[in-house]
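What follows is a single structure, written as structure tokens, with notes after it.
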Amino acid sequence: MKKQIIVACGAGLATSTMIVEKINETLEGTGINYSISQSQIYELNSYDGKADLFVTSMKLDEKKYKTPIVVGTPFLVGINEEETKEKIIQILLK
């Protein structure tokens with residue numbers, strides 16, 4: 001079954017595009033079947049419970065969402081990147 005990932009940032013363009021590239025690199029060779037869509041943060045409610053993972057450019061209140069959330073800023077700054085990659089893989093393998 002294909003896993004649905006939503007990558008969200010403020011405008012749904014530049015920052016999320018950079019995060020998408022890192023997610024693609026991370027999942028390459030894992031055997032995980034996935035698709036990625038880009039969105040704006042305020043649109044996440046419409047995907048909640050339908051997507052398998054949200055990767056965002058900012059911290060959100062995880063209690064407000066059914067869908068697991070991983071903050072993708074480590075992909076932008078290069079700090080804790082490996083930990084973020086591992087979180088994404090573990091969530092998608094469930």
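Note that full-length UniProt numbering has the sequence shown beginning at 1, numbered continuously upward. Ideal Cβ positions, reconstructed from N, Cα and C, are used throughout, including at glycine.
Whether residue i touches residue j by CB criterion (7 angstroms)
i	j	result
residue 57	residue 84	no
residue 35	residue 4	yes
residue 69	residue 54	yes
residue 8	residue 44	yes
residue 59	residue 71	yes
CA nearest to the CA of residue i, picked from the options
i	options	result
residue 78	66, 19, 5	19
residue 52	32, 25, 76	32
residue 37	29, 80, 76, 23	23
Rounded straight-line distance, which links the Cα of residue j to that of residue i
i	j	result
residue 65	residue 47	10 angstroms
residue 49	residue 67	5 angstroms
residue 89	residue 73	16 angstroms
Per DSSP, the bridge partner or partners of residue i
i	result
residue 38	7
residue 53	5
residue 69	54
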